[in-house]
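Here's the structure, in structure tokens; my notes come after.
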DNA sequence: AAAATTAGTTATGTCAATTAACCATTAATT
DNA sequence: AATTAATGGTTAATTGACATAACTAATTTT
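Chains as they are written, first to last, in full-length UniProt numbering: chain A, 1 to 162; chain S, 1 to 162.
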């Protein structure tokens, strides 16, 4: 058990901003998981802030993108795609529907289920949101050049596609 | 609004495992933020599983590592380092103290504050935990070779140290 | 020595997310 | 064809994370 650090010693090693993640670790900072968590938090916060302009959360944006690529999919499928539980899909879709960004359409063959589609408005907004997300990406990784960004994306994909 | 996909079409594009993150996206998957979130989730889940053996959560492990590097630090400093609010530190430290991994020691000069230290047991366990975390890192990024892992860590640090 | 600050704690409220129970509809079994 | 079982979606209730505010004890300021 080492000697106690004085409050001044510690203070100096700690970040000034309370809501930013701390830069004081050593040992932790050789872990990919640790670095990944902090980088992810930064990107996520950035995106949350930008989407707030449109009163949307990242999950709603993701949902719209998935619906766009799988028009007519069912809610259970959307839940799986978002890695959330079916009950969570309900308020999410309610929100999108209330803003006329998406619609639930009763299925002809199976009258229990709905096909989910984006409205024209939803498609148009999605286009905007994609641009916002791309900009958020670049902004939050402004320390990287374009080649590094490519490489980072490649490595991340390799990690999660596995 | 495109033609509805049949349930079979959609099903085929969706992941079989319900609790794994979904691999179906396109458009989203050119976003670093999206790839980062999914990779981070994978690493985090892996670590959670491994630490569960010792009945610890990632935040508790991080706390121990930080205490180890700043012996005698105060709770407010620890809160800042973990980017959590002071009230959250209380149950966290209670848990570590109840398992005799860390101790709160009343400060000589300022009897309001505590210096926080790892016990010998805590130091020994931390050593083990670091090995576990390093192994978790490698395991969850097994698709990468060692050079790629280095590069990924470098890029992630560059992103969050900014 | 009275007032204002600070470290830690407790208490409270909010919000996300999981689980269990429920209704309507479809499929399976006999 | 009639009962049973299973499925899609929803609602309700539980849990847990987390932040905020209020409180105690000790220190500093004036």
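Glycine included, each C-beta is placed from N, C-alpha and C at the ideal position.
Check whether the Cβ atoms of residue 101(A) and residue 119(A) lie closer than 8 Å to each other.
Taking the first residue of the first chain as 1, we reach residue 101(A) at position 101. Taking the first residue of the first chain as 1, we reach residue 119(A) at position 119. For residue 101(A) and residue 119(A), yes; Cβs fall inside 8 Å.
Of the residues 76(A), 95(A), 83(A), which one's Cα is nearest the Cα of residue 112(A)?
Position 112 of the first chain holds residue 112(A). Comparing Cα-Cα distances from residue 112(A) to each of 76(A), 95(A), 83(A), the minimum goes to 76(A).
For a cutoff of 8 Å on Cβ pairs, would you count residue 45(A) as touching chain S?
Counting from 1 along the first chain, the entry for residue 45(A) is found at position 45. Cβ-Cβ to chain S under 8 Å: no for residue 45(A).
Checking 8 Å against the spacing of the C-beta atoms, do residue 42(A) and residue 27(S) come in under that value?
Within the first chain, numbered from 1, the residue matching residue 42(A) stands at position 42. Within the second chain, numbered from 1, the residue matching residue 27(S) stands at position 27. No, the pair does not count as a contact, with Cβ atoms beyond the cut-off.
Suppose contacts are defined by Cβ-Cβ distances below 8 Å. Is residue 136(A) in contact with residue 47(A) by that definition?
Locating residue 136(A) in the first chain gives position 136, where the first residue counts as 1. Locating residue 47(A) in the first chain gives position 47, where the first residue counts as 1. For residue 136(A) and residue 47(A), yes; Cβs fall inside 8 Å.
Bridge partners of residue 66(A), per DSSP?
Looking up residue 66(A) in the first chain gives position 66. DSSP output for residue 66(A) lists no bridge partner at all.
If I measure Cβ to Cβ from residue 132(S) and keep anything under 6 Å in the same chain, skipping five residues before and after, which residues do I get?
As a position in the second chain, residue 132(S) is number 132, starting the count at 1. Once the five neighbours on either side are set aside, the close Cβ partners of residue 132(S) are 50.
What's the C-alpha gap between residue 148(A) and residue 108(A)?
Your numbering for residue 148(A) matches position 148 in the first chain. Your numbering for residue 108(A) matches position 108 in the first chain. Rounded to the nearest angstrom, the two C-alpha atoms are 49 Å apart.
With a threshold of 16 other CB atoms inside 10 Å of the CB of residue 161(A), please say whether the residue is buried or exposed.
Residue 161(A) sits at position 161 when you count from the first residue of the first chain. So residue 161(A) ends up on the exposed side.
Roughly how many angstroms separate the alpha carbons of residue 65(S) and residue 55(S), rounded to a whole number?
What you label residue 65(S) is simply residue 65 of the second chain in a count that begins at 1. What you label residue 55(S) is simply residue 55 of the second chain in a count that begins at 1. Cα to Cα, residue 65(S) sits roughly 16 Å from residue 55(S).
Please state whether the Cβ-Cβ distance between residue 167(A) and residue 140(S) is less than 8 Å.
Look at the range of chain A in this structure, 1 to 162, and you will see that residue 167(A) is not part of it.
Going straight from the alpha carbon of residue 45(S) to that of residue 123(A), what length do you get?
The residue labelled residue 45(S) in the question sits at position 45 within the second chain. The residue labelled residue 123(A) in the question sits at position 123 within the first chain. If you take the alpha carbons of residue 45(S) and residue 123(A), they lie about 34 Å apart.
Run down chain S in chain order and give the residues with a C-beta less than 8 Å from the C-beta of residue 136(A).
As a working mapping, residue 136(A) is identified with position 136 in the first chain. Correct list: 33.
Does residue 162(A) get closer than 8 Å to chain S when you measure Cβ to Cβ?
Residue mapping note: residue 162(A) aligns to position 162 of the first chain, counting from 1. So yes, residue 162(A) belongs to the interface.
Am I right that residue 144(A) and residue 159(S) are in contact with their C-beta atoms under 8 Å? What's the rounded C-beta distance?
The residue labelled residue 144(A) in the question sits at position 144 within the first chain. The residue labelled residue 159(S) in the question sits at position 159 within the second chain. 7 Å between Cβ atoms; contact.
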